[in-house]
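> Quick note, the sequences are listed as chains A and B, same order. Under the numbering used here, the first residue of the first sequence carries the number 1, and numbering increases by one thereafter. Under the numbering used here, the first residue of the second sequence carries the number 1001, and numbering increases by one thereafter. We put the beta carbon where it would ideally sit given N, CA and C, even for glycine. Predicted model, so just to flag it, every value in this text is computed and none were measured.
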Amino acid sequence: MSEFLQQLINGLSLGAIYALIALGYTMVYGVLRFINFAHSDVFMVGSFIGYYLGKHIPENTVWGGIVILLGAMLGCALLGMLIERLAYRPLRGAATLNVLITAIGVSLLLEYSGQVFFGATPRTFPAVFPSANFNFGNLVISTNQIIVIAVAALLMVGLQLIVYRTKIGTAMRAVSLNPKAAQLVGVNNDVVISFTFGLGSALAGAGGILYALNYPSIDPLMGVMPGLKAFVAAVLGGIGNIPGAALGGLLLGTVETFVNGSQWSTYKDAIAFAILIIILLFRPAGLLGKFTVEKV
Amino acid sequence: MLSVSDLSVSYGAISALSGISFSIPQGAIVTLIGGNGAGKTTTLRTISGLLRAKSGTVTFLGENISALAPHKIVARGLCHVPEGRMIFSNLTVDENLSMGAYLQTDAALIAKNRDYVFSIFPRLKERIKQTAGTLSGGEQQMLAIGRALMGNPKFLMLDEPSLGIAPRLISTIFEKIVEINKSHGITILLVEQNANLALEVSSYAYCLETGRIAMEGESKKLRADPQLKATYLGG
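(1) Can you give the beta carbon distance from V185 (chain A) to M172 (chain A), rounded, assuming they're within the 8 Å contact cut?
(2) Compare the C-beta of V1009 (chain B) with all C-beta atoms of chain C and state if any pair is closer than 8 Å.
(3) Given that Y1102 (chain B) touches chain A, what residues does it touch there, using C-beta distances under 9 Å?
(4) Grouping DSSP H, G and I as helix and E and B as strand, with all else coil, what is E59 (chain A)?
(5) So that I know if they touch, is there some Cβ in chain B lying closer than 8 Å to that of N133 (chain A)?
(6) Between the segment 1118-1130 of chain B and chain A, which residues of the former have CB atoms less than 9 Å from a CB of the latter, in chain order?
(7) Against L177 (chain A), what residues of chain B qualify as contacts under a CB-to-CB distance less than 8 Å, listed in chain order?
(8) Please name the residue, chosen from A:L276, A:G249 and A:G244, that lies closest to G11 (chain A) on a Cα-to-Cα basis.
(9) Are any of the Cβ atoms in chain A nearer than 8 Å to that of L1051 (chain B)?
(10) Give a yes or no on whether the C-beta atoms belonging to G1138 (chain B) and L1158 (chain B) are separated by under 8 Å.
(11) Who are the neighbours of H1071 (chain B) on chain A, taking C-beta pairs under 7 Å?
(12) How would you write the range of the beta strand (DSSP E) that L221 (chain A) sits in, first residue to last?
(13) Please state whether DSSP places N1152 (chain B) in a helix, a strand or coil.
(14) Straight-line CA distance for G1077 (chain B) to S1003 (chain B)?
(15) Is H1080 (chain B) close to chain A, meaning its C-beta is less than 8 Å from at least one C-beta of that chain?
(16) Mind reading off the beta-carbon distance from L1189 (chain B) to V1030 (chain B)? Whole number of angstroms is fine, and I expect it under 8 Å.
(17) Return the residue from the list A:G24, A:T143 and A:E3 that minimises the CA-CA distance to N60 (chain A).
(18) Quick one: is the Cβ of A1108 (chain B) within less than 7 Å of any heavy atom of the ligand SAM?
(19) Got a sec: is the Cβ-Cβ distance from M1099 (chain B) to anything in chain A below 8 Å?
(20) Do the CB positions of V187 (chain A) and V31 (chain A) come within less than 8 Å of each other?
(21) Measuring only the C-alpha atoms, how far is I1088 (chain B) from P179 (chain A)?
(22) If I measure Cβ to Cβ from V296 (chain A) and keep anything under 7 Å in the same chain, skipping five residues before and after, which residues do I get?
(23) Do I218 (chain A) and I43 (chain A) come within 8 Å of each other at the CB atom, strictly closer than that value?
(24) Out of A:L251, A:A181, A:A230 and A:F282, which has the shortest C-alpha to C-alpha gap to P1082 (chain B)?
(25) Pull up the distance between the alpha-carbon of L1091 (chain B) and that of F37 (chain A), whole angstroms please.
(26) Considering only residues of the same chain and omitting the five flanking positions on each side of G64 (chain A), which have a CB-CB separation below 7 Å?
(27) Between which two residues does the alpha helix (DSSP H) containing E256 (chain A) stretch?
(28) Restricting to runs no shorter than 4 residues, where is the alpha helix (DSSP H) found entirely within the segment 1038-1070 of chain B?
(29) With 16 as the cutoff for other CB atoms within 10 Å, does T298 (chain A) come out buried or exposed?
(30) Within 8 Å (strictly less), CB to CB, does E1095 (chain B) reach chain A?
(31) Out of A:Q6, A:A16 and A:H39, point me to the one whose CA is closest to L199 (chain A)'s CA.
(32) DSSP three-state call for D41 (chain A): helix, strand or coil?
(33) Is M81 (chain A) helix, strand or coil by DSSP?
(34) In the DSSP assignment, what are the bridge partners of H1080 (chain B)?
(35) Measure from the alpha carbon of S1023 (chain B) to the alpha carbon of each residue in B:N1036, B:S1015, B:S1010 and B:V1058, then state which is nearest.
(36) Distance, Cα to Cα, V293 (chain A) vs L177 (chain A)?
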């Protein structure tokens, strides 16, 4: 029983990170209907921003950790908006396939520029937050796990408030439902799309820091696998659906952790893609997604 | 108030409008009639900035708006109720109306416009918390018009408001269109396939045929025109 609980906590803290990354995929898909493959590399840049900030900020302090987290979020938000402005906006109105190929190009550009600027050898991420382990019987919970789950929960609640309670959030939903109609009520779709990239990328930046807290070896290709899994999580929850991305991330992280702790641990990376195949076969709209029907 | 001069629009190699010109005086209801593919919707989409003209100009209140982005055209008081209503189906009625007031900053004016929308379409007030996609076709059309009114328009373009609506509701909606024009002095450009109805409520009409204006005149006179009768009014 205690092993089950232990794995559940480990799984949720991994899943919370997948969920944060998945939210960016799903929000961008919502407004532009394409998968931003460069998103996983924005996540990587988030970790590196944290790494470089960590050189100037004392380790093991709460305020230092918060500054690093916010710094990575801000840096990634700007990077995401820059990518959208330079790479995707010129292709507005072009076929989705063109944008998709461009996204793969931007992804490779970031990965290999990362190798030029950061170097290809893995770096050790600093212990930005003070760390300790709490024991509850046989159960061990680290402060890092608590930080991951708490920060992810806070960010998701914040996102929910932005999307459902603010004017720009309502505009995001409107653009996602019908971009033409949004223009006709006076929405500048470019501003909303830019905002969406900023928001999604900020979450990826936070994900980059949280991931590096638990897996402190970072390198320019570190985003590939978590990025792919977060993409699976977004599809699992229903691409374009915000609560779906959160649910998909948590589920995927938990399943992966349980597989990792079992005799089939060799398949821990394969399980995500097995889930992808199964969901596409039996419920292509995802767990929370639904097909919309036009009413006449 | 609005004038279109020598407007040509094409989709790739296919020409949709070939040099149409017309003008609409302040306070009028003018209609654009014609069959499927005549270019009615293309005309409206070009005026509201969703499509770019190949040549020609659109002038609104003395200003050339042909090169402006759609949101800037809405900001000038020209609102477009698109074909097929295009309401935000997953948003509530209330949120749809708020989106209509997206560019409005004066809270008192927004509240006044909301009351006005509810006074002409009381049905929307009853359904305020409902998701817009669950409304009937007629109610969705009311919402689409209400949403446009929230933008405080001086000029309203309506694309096929009778499309896909129960016959019983069509006359209600047309009565409201006339009321909006009379009580608020909002100028209206009405596009309709139902030529009979459109000629009844409008004062002047242009008849589009394959991208050109084939006929124009006072609506009363056009209703009596034998040629138009044969083509659009079912003999």
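Checking against the coordinates, here is how it stands:
(1) For the purposes of this step, residue 185 (chain A) is taken as residue 185 along the first sequence, with counting starting at 1. For the purposes of this step, residue 172 (chain A) is taken as residue 172 along the first sequence, with counting starting at 1. Contact doesn't hold; Cβ gap of about 14 Å is too wide.
(2) Protein chains in the displayed structure are A and B, and chain C is not among them.
(3) Within the second sequence, numbered from 1, the residue matching residue 1102 (chain B) stands at position 102. Residues of chain A passing the Cβ test: K167, T170, A171, A174, A182, V185, G186 and V187.
(4) Taking the first residue of the first sequence as 1, we reach residue 59 (chain A) at position 59. Here E59 (chain A) sits in coil by DSSP.
(5) Reading the first sequence from its first residue, position 133 is the one you call residue 133 (chain A). Nearest CB-CB separation between N133 (chain A) and chain B: not below the 8 Å threshold.
(6) none
(7) Taking the first residue of the first sequence as 1, we reach residue 177 (chain A) at position 177. Going along chain B in sequence order, the residues near L177 (chain A) (Cβ under 8 Å) are F1088, S1089, N1090 and L1091.
(8) Within the first sequence, numbered from 1, the residue matching residue 11 (chain A) stands at position 11. Considering only alpha carbons, the answer is A:G249.
(9) As a working mapping, residue 1051 (chain B) is identified with position 51 in the second sequence. No, no contact with chain A.
(10) Residue 1138 (chain B) sits at position 138 when you count from the first residue of the second sequence. Residue 1158 (chain B) sits at position 158 when you count from the first residue of the second sequence. Against a cut-off of 8 Å, the Cβ pair of L1158 (chain B) and G1138 (chain B) comes out as no contact.
(11) Residue 1071 (chain B) sits at position 71 when you count from the first residue of the second sequence. What H1071 (chain B) touches in chain A: Q183, G186, V187 and N188.
(12) What you label residue 221 (chain A) is simply residue 221 of the first sequence in a count that begins at 1. Counting along the chain, L221 (chain A) falls outside any beta strand (DSSP E), and DSSP gives it neither H nor E.
(13) On the second sequence, position 152 is the one that residue 1152 (chain B) refers to. Reduced to three states, the DSSP call for N1152 (chain B) is coil.
(14) Residue 1077 (chain B) sits at position 77 when you count from the first residue of the second sequence. Residue 1003 (chain B) sits at position 3 when you count from the first residue of the second sequence. Cα to Cα, the separation comes out at about 15 Å.
(15) In the second sequence, the residue the question calls residue 1080 (chain B) occupies position 80. Yes - at least one Cβ of chain A is within 8 Å of the one on H1080 (chain B).
(16) Here residue 1189 (chain B) corresponds to residue number 189 of the second sequence, with the count starting at 1. Here residue 1030 (chain B) corresponds to residue number 30 of the second sequence, with the count starting at 1. L1189 (chain B) to V1030 (chain B), Cβ: 6 Å. Contact.
(17) The residue labelled residue 60 (chain A) in the question sits at position 60 within the first sequence. For the residues A:G24, A:T143 and A:E3, the minimum Cα distance to N60 (chain A) belongs to A:T143.
(18) For the structure depicted, the ligand SAM is absent and the ligand set is empty, with no information on it obtainable.
(19) For the purposes of this step, residue 1099 (chain B) is taken as residue 99 along the second sequence, with counting starting at 1. Judged by the 8 Å Cβ criterion, M1099 (chain B) is in contact with chain A.
(20) Position 187 of the first sequence, counted from the start, is the residue given in the question as residue 187 (chain A). Position 31 of the first sequence, counted from the start, is the residue given in the question as residue 31 (chain A). No, they are not a contact pair.
(21) The residue given as residue 1088 (chain B) occupies position 88 in the second sequence. The residue given as residue 179 (chain A) occupies position 179 in the first sequence. Here residue 1088 (chain B) is Phe; the residue named in the question, Ile, does not match the sequence. Here the C-alpha atom of F1088 (chain B) lies approximately 10 Å from the C-alpha atom of P179 (chain A).
(22) Sequence index remark: in the first sequence, residue 296 (chain A) carries index 296 (1-based). Residue placement at V296 (chain A) cannot be trusted, given a pLDDT of 40 that sits under 50; the coordinates are not used to answer.
(23) For the purposes of this step, residue 43 (chain A) is taken as the residue at position 43 of the first sequence. For the purposes of this step, residue 218 (chain A) is taken as the residue at position 218 of the first sequence. The sequence as given places Phe at residue 43 (chain A); Ile does not occur at that position. No, these two residues do not count as a Cβ contact at 8 Å.
(24) Start at 1 with the first residue of the second sequence, and residue 1082 (chain B) comes out as number 82. When each option's Cα is compared against that of P1082 (chain B), the closest is A:A181.
(25) Locating residue 1091 (chain B) in the second sequence gives position 91, where the first residue counts as 1. Locating residue 37 (chain A) in the first sequence gives position 37, where the first residue counts as 1. If you draw a straight line from the Cα of L1091 (chain B) to the Cα of F37 (chain A), it comes to about 29 Å.
(26) Indexing the first sequence from 1 puts residue 64 (chain A) at position 64. So the list reads I57, P58 and V128, once near-sequence residues are dropped.
(27) Against the first sequence, residue 256 (chain A) aligns to sequence position 256. Segment I242 to N260, the alpha helix (DSSP H) holding E256 (chain A).
(28) Those alpha helix (DSSP H) runs which fall completely within the segment 1038-1070 of chain B and span 4+ residues are 1040-1047.
(29) Given a span of 1 to 296 for chain A in the structure shown, any question on residue 298 (chain A) remains unanswerable.
(30) Taking the second sequence and counting its residues from 1, the one referred to as residue 1095 (chain B) is at position 95. For E1095 (chain B), the answer is yes, since a Cβ of chain A falls inside 8 Å of its Cβ.
(31) For the purposes of this step, residue 199 (chain A) is taken as the residue at position 199 of the first sequence. When only C-alpha atoms are compared, the closest one is A:H39.
(32) Translated into positions along the first sequence, residue 41 (chain A) becomes position 41. Residue state, collapsed to three classes: helix.
(33) One-based indexing of the first sequence puts residue 81 (chain A) at position 81. Correct three-state label for M81 (chain A): helix.
(34) The residue labelled residue 1080 (chain B) in the question sits at position 80 within the second sequence. In the DSSP output, where bridge partners are listed per residue, H1080 (chain B) has B:M1157.
(35) Reading the second sequence from its first residue, position 23 is the one you call residue 1023 (chain B). From the listed residues B:N1036, B:S1015, B:S1010 and B:V1058, the smallest Cα separation to S1023 (chain B) is found for B:V1058.
(36) One-based indexing of the first sequence puts residue 293 (chain A) at position 293. One-based indexing of the first sequence puts residue 177 (chain A) at position 177. Here the model assigns V293 (chain A) a pLDDT of 47, short of 50, so the residue's position is not dependable, and the following value carries that caveat. Approximately 12 Å, taken between the alpha carbons.
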